[in-house]
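Structure first, then comments.
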Amino acid sequence: MGYKNLAECVADLEKNGHLIRIKEEVDPYLEMAAIHLRVNENQGPALLFENVKGSKFPAVSNLFGTLERSKFMFRDSLPKVEQLVALRSDPIKALKNPVKSAGSALTALSALPLKQSLFKSAFQKTTISALPQIVNWPMDGGPFITMPQVFTEDIDQPGVMHGNLGMYRIQLAGNEYIVDKEIGLHYQIHRGIGVHQTKANAKGQPLKVSVFVGGPPSHPLAAVMPLPEGLSELTFAGALGNRRFRYFYDEEGFCISADADFVITGTVYPQENKPEGPFGDHLGYYSLTHPFPLMKVSNVYHKKDAIWSFTVVGRPPQEDTSFGALIHEITGSAIPQEIPGLKEVNAVDAAGVHPLLFAIGSERYTPYLKERKPQEILTIANHILGKNQLSLAKYLFIAAREDDERLSTNNIALFLQHMLERIDLTKDLHFHTNTTIDTLDYSGDGLNSGSKVVFAAAGAKKRDLLEKLPSEFSLSEEYNHKIAIPGVLAVQGDRYENEIASKQEIASLKEHLKSQNLSGLPLIVLCDDAEFTAANVNNLVWVTFTRSNPASDIDGVNDFTVNKHWGCNGPLIIDARKKPHHAPELIKDPGIEKKIDKMAEVGGPLYGII
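Just so it is clear: in the sequence shown, position 17 is 935 by my numbering, and no numbers are missing.
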């Protein structure tokens, strides 16, 4: 829909049964987030908090809480936007069907950003502390903006068409920030804003930053879209929202989104950082306190009837899960088109997105060989690990399309079983050590530091996976264990104390397993709680891949190293226990949860919702 602003979107959702109002005063410290989490868990409606304690501004959340609601908001524009993205990723389509593609060209042209100054009078000024100070998790370092659109321009190519609109979290207060004068930016090193800041730093100049909150829902979605090179986020926002992105520059030269509800402007100076965090993040753990860029606030603008927009992140699935599903619907085959031979790729949401990637590629090399083996898919894997946000992957499992045309990366259990039936553990593991990983992942040995591994499988089945343990299988009594999915055994180990004790325990486990026939059990996950890990496939992948660093936590029975290649002749062992250097996991506040329970009772605002 061509919503002019967030208020129009809220009204449309409410009219069509997709939004409810919370009229009671709600505390932005933990309580608003707890309500959001409960409603989101129950696939409930969007939420408009009319009475936010300590702020005059109402707040809305869970707009993108379900894929159904997300598609509803863009019901008039999705088809043409999908065509536009496909055209940019595969220009040959325009040559093959110029008449049909002309519509996409017109869509792009009609969606170009529109500079207008008549909106300047619509904004009033306020302060950072007057905004809703929403704290989502008990250990958070302060209130954060969790649905921002952060805009910067290239210092060498100024102007909106070379700008970057991204979603990077913003800390509003806490730590060492001077109240109302300083806020913190957190972003990963490869993002567009990072490129812009690097250029500004090299010239010794400050970087101008504008933070937009609210506005039409097409704007935050554009900020998180992995768009093809050359397709501006602002143009995409215009195409998706059926309304050109309107902007102007204020007296200090900052870009202002004319349709945003709030705009915070400020500058980032070279080498000026302050501690940012902790923050409850999308892996299901806190990202810890680290120095990140400091933004010195110039102005805080708001519309007359502004609505603050926020979300809550945590262990998936959350609202950003629906974000991801909508992005997949829009981009379709865009990424496979950019990587030759790639048929399908899925950043596994249940594992926190970045820790685990599933991919399917073509295996067409040496077709004269009787037995197929991973060759082309290894080339594809290297391409994947060098591609934009896919480069953050820690574990990449890649299969060959030729082995099963029906295989899908979206079915976690079946995809893992397909891989485990075919993988040769002596040859098909390929490590990348001492490299960068996701900033939010603390399984490695430092910030942005860790390792990656590629599991590649191509060819005929090599084994039948065990669905239950054979009667002759034995394991010491202290090792509680349970089959999680066929071929995967969760084994509960001692609490991890240190590396030496851990290696001794794993060596003992390996020695015990050497004498047993475990060909149908290629993967063993050493964990803190076997019952929890094996309870469902989501628990399995979350525990296994968020709590392990491949180079240090992968071991195997009868392992060996030849020409610097590691492999094993028995089951692979992944040590997925919590380690002392890991970040703490997110745990809800029991007192707040009891309060939310009361809101769900008869007569309460959440009765019948949760």
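Backbone N, C-alpha and C define an ideal beta-carbon position, used for all residues, glycine too.
**R1340 - containing alpha helix (DSSP H), residue span** = That run of the alpha helix (DSSP H) goes I1330 to R1340.
**Request:** Could you check if Y1525 is buried or exposed, using at least 16 other CB atoms within 10 Å of its CB as the buried criterion?
**Result:** Under this definition Y1525 is an exposed residue.
**Item:** Proximity to E986 [Cα-Cα], best of L996, V978 and A977
**Value:** Between E986 and the set L996, V978 and A977, the nearest pair of CA atoms involves L996.
**Item:** Closest residue to N923 among T1354, K1379 and V1131 (Cα-Cα distance)
**Value:** Out of T1354, K1379 and V1131, V1131 has the C-alpha closest to the C-alpha of N923.
**Asked** Taking the beta strand (DSSP E) that Q1422 falls in, what are its first and last residues?
**Response** In this chain, Q1422 is not harboured by any beta strand (DSSP E); it is covered by the alpha helix (DSSP H) spanning E1417 to K1432.
**Message:** For the pair the region 1121-1135 and the region 1054-1074, tell me if three or more CB-CB distances fall below 8 Å.
**Reply:** The answer is yes - the region 1054-1074 touches the region 1121-1135, with three or more Cβ pairs under 8 Å.
**Request:** Output the distance between the C-alpha atoms of K941 and I1316, rounded to the nearest integer angstrom.
**Result:** Taking the straight line from one Cα to the other gives about 50 Å.
**Asked** What residue does the alpha helix (DSSP H) around D1493 start on, and which one ends it?
**Response** For D1493, no alpha helix (DSSP H) encloses it; the enclosing beta strand (DSSP E) starts and ends at L1490 to D1493.
**Message:** Please state whether the Cβ-Cβ distance between A977 and M950 is less than 9 Å.
**Reply:** Yes, they are a contact pair.
**Asked** Got a sec, what are the start and stop residues for the alpha helix (DSSP H) Q1075 sits in?
**Response** For Q1075, no alpha helix (DSSP H) run applies, since DSSP gives it neither H nor E.
**Request:** Compute the Euclidean distance between the alpha carbons of L1275 and A1318, then round it to the nearest angstrom.
**Result:** Annotation: L1275 to A1318 spans about 15 Å, alpha carbon to alpha carbon.
**Request:** Taking only the alpha-carbon atoms, compute the straight-line gap between S1007 and V970 and give it to the nearest angstrom.
**Result:** The predicted position of S1007 is uncertain, since its pLDDT is 47 and thus under 50; a value taken from the coordinates is nonetheless stated next. Linking S1007 to V970 through their CA atoms gives a straight-line distance of about 44 Å.
**Delimiting residues of the beta strand (DSSP E) encompassing A1402** = Residues H1399 to I1403.
**Item:** Opposing strand residues paired with Y1167 [DSSP bridges]
**Value:** Note: Y1167 sits in a beta bridge opposite C1173.
**Message:** Between the alpha carbons of A1245 and A1425, how many angstroms are there, rounded?
**Reply:** The residue asked about is misnamed: residue 1245 is Ile in this sequence, not Ala. Spanning the two alpha carbons is a distance of roughly 44 Å.
**Prompt:** Secondary structure at L1024, three-state DSSP: helix, strand or coil?
**Reply:** With a pLDDT of 46 at L1024, under the threshold of 50, the predicted position of this residue should be treated as unreliable, and no value is reported.
**Message:** Checking the sheet assignment: what are the DSSP bridge partners for L1274?
**Reply:** Under DSSP, the beta-bridge partners assigned to L1274 are Y1313.
**Item:** P1066 (DSSP reduced to helix, strand or coil)
**Value:** Here P1066 sits in strand by DSSP.
**Prompt:** Between which two residues does the beta strand (DSSP E) harbouring K941 extend?
**Reply:** That run of the beta strand (DSSP E) goes L937 to V944.
**Message:** Below 8 Å, how does it come out for the region 1398-1414 and the region 1365-1378: are there three or more Cβ pairs, yes or no?
**Reply:** No contact exists between the region 1398-1414 and the region 1365-1378.
**Cα-Cα separation, T1207 to P1388** = In a straight line, the C-alpha of T1207 is about 48 Å away from that of P1388.
**Request:** Output yes or no for whether 9 Å exceeds the beta carbon distance between L1458 and G1232.
**Result:** Judged by beta-carbon spacing, G1232 lies beyond the 9 Å limit of L1458, meaning their Cβ atoms are not closer than that value.
**Request:** Could you say which of L1103, L937, N1487 and D1199 lies nearest to I1182 if we only look at CA atoms?
**Result:** Looking at the Cα atoms, L1103 is the closest of the given residues.
**Message:** Does K1428 pass the burial test, meaning 16 or more other C-beta atoms within 10 Å, or should it be called exposed?
**Reply:** By the 10 Å Cβ count, K1428 comes out buried.
**Asked** For L1013, does the three-state DSSP call read helix, strand or coil?
**Response** With a pLDDT of 36 at L1013, under the threshold of 50, the predicted position of this residue should be treated as unreliable, though the coordinate-derived value follows. If DSSP states are grouped into helix, strand and coil, L1013 belongs with the helices.
**Asked** Out of P1188, N1082 and G1092, which has the shortest C-alpha to C-alpha gap to V1142?
**Response** The shortest Cα separation from V1142 among P1188, N1082 and G1092 belongs to N1082.
**Message:** Per the DSSP calculation, T1462 is bridged to which residue(s)?
**Reply:** When beta bridges are read from the DSSP output, T1462 appears opposite no residue.
**Item:** DSSP state of F907 mapped onto helix, strand, coil
**Value:** Nothing can be reported for residue 907: it is not among the residues displayed for the chain, which extend from 919 to 1528.
**Item:** Residue of P1273, K1288 and L1436 minimising C-alpha distance to N1366
**Value:** When each option's Cα is compared against that of N1366, the closest is P1273.
**Prompt:** In the structure shown, what three-state DSSP assignment does H1188 receive?
**Reply:** Looking at the sequence provided, one finds Pro at residue 1188 rather than His. In the structure shown, P1188 sits in a strand (DSSP, three-state: E or B).
**Request:** Please name the residue, chosen from V1266, D1199, I1257 and L1303, that lies closest to T1353 on a Cα-to-Cα basis.
**Result:** Scanning V1266, D1199, I1257 and L1303 for the CA closest to the CA of T1353 turns up L1303.
**Prompt:** So A1141 is in the alpha helix (DSSP H); what residue range does that whole segment cover?
**Reply:** Where A1141 is concerned, the enclosing alpha helix (DSSP H) stretches over S1136 to V1142.
**Whole-angstrom C-beta distance between R1495 and L1444, which should lie under 8 Å** = Confirmed, Cβ separation roughly 6 Å.
**Asked** Between the C-alpha atoms of N1093 and N1481, what's the straight-line distance to the nearest angstrom?
**Response** The alpha-carbon of N1093 is positioned some 49 Å away from that of N1481.
**Message:** DSSP has V1372 in a bridge; who is on the other side?
**Reply:** Answer is L1314 and H1348.
**Asked** Looking only at DSSP bridge pairs, what is Q1236 linked to?
**Response** Answer is none; Q1236 lacks a bridge partner.
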